[in-house]
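In the working numbering, the protein residues as written are -3 to 221.
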């Protein structure tokens, strides 16, 4: 540790002019140069002692120090420090899922601001899949969630949901009486409420409208009348 105003990190002396008159602590008080040197010396000693340990052992040492010195700090130590990347990602995913579940469908719809019935259907389908862990849903599920969102009632839910499927490609069949949201539908919902982003989502996820397949009755010939 050099006596000059600086700190040593992995053998590199970093000069910091701000040490000249001491440093300011979180409560606004100013530490003297001697106090600053003592603090930096403690940091260097701790760094030298910990750098050769693996993540899990570092965590145990830091946790012990925090508890032994009764320090009023909040740090993530212990087993989490040595957590494998895959486990950390899984934990992060769980935390994200909890955050998603915390958003009500009413807040979700208010945030997305769908401008058409089919966009609202897509938003409700997306919410069921991502926030309620229900990737497959029926007309009754959409209607019930729409009521929970305090949104305007659908005039004809079956027709509106069918339009979201056949004419817009936001939904697709997932079994008898079941629907699920498509990648195109997900892209549109995630783009909302940005209308320019919605246009890009539709362009990047093309869809050819499918009209009703109901067979039309051929007009009777005169000799059949």
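Every residue gets a Cβ at the ideal spot worked out from N, C-alpha and C, and that includes glycine.
None of the values given here were measured: they were computed from a predicted structure.
By the Cβ criterion, the stretch 99 to 107 is in contact with the stretch 144 to 155, since at least three pairs of Cβ atoms, one from each stretch, lie closer than 8 Å. For residue 108, the enclosing alpha helix (DSSP H) begins and ends at 101 to 108. Taking one beta carbon from each stretch, the stretch 191 to 200 and the stretch 152 to 162 have fewer than 3 pairs nearer than 8 Å; the two do not touch. Judged by beta-carbon spacing, residue 124 lies within the 8 Å limit of residue 141, meaning their Cβ atoms are closer than that value. Around the beta-carbon of residue 160, 16 or more other beta-carbon atoms lie within 10 Å, marking it buried.
If you check the CB distance, residue 177 and residue 122 come in under 8 Å. Using a 10 angstroms sphere on the CB of residue 53, the tally of other CB atoms stays under 16, which defines it as exposed.
In this structure, the alpha-carbon of residue 167 lies about 15 Å from that of residue 139. In the assembly as shown, residue 34 is an exposed residue. Its beta-carbon has fewer than 16 other beta-carbons within 10 Å.
Annotation: the stretch 140 to 188 contains the following complete segments of the alpha helix (DSSP H) (minimum length 4 residues), in chain order: 153 to 158 and 179 to 187. Less than 8 Å divides the Cβ of residue 185 from the Cβ of residue 108. If you draw a straight line from the Cα of residue 65 to the Cα of residue 40, it comes to about 18 Å. The C-alpha of residue 38 is placed about 12 Å away from the C-alpha of residue 30. Contact check for residue 173 and residue 206: beta-carbon distance about 18 Å, past the 8 Å limit, so the pair fails to qualify.
The beta carbons of residue 187 and residue 201 sit about 10 Å from each other, so the pair does not count as a contact at 8 Å. Non-local beta-carbon contacts of residue 170 in its own chain, meaning distances under 7 Å to residues more than five positions away in sequence, involve 132 and 176 in chain order.
Excluding five sequence positions before and after residue 49, the CB atoms of its chain that fall closer than 8 Å to its own CB belong to 57, given in chain order.
If you draw a 10 Å sphere on the C-beta of residue 42, you find fewer than 16 other C-beta atoms in it, and that means exposed. As computed with DSSP, residue 133 is found in a beta bridge with 175.
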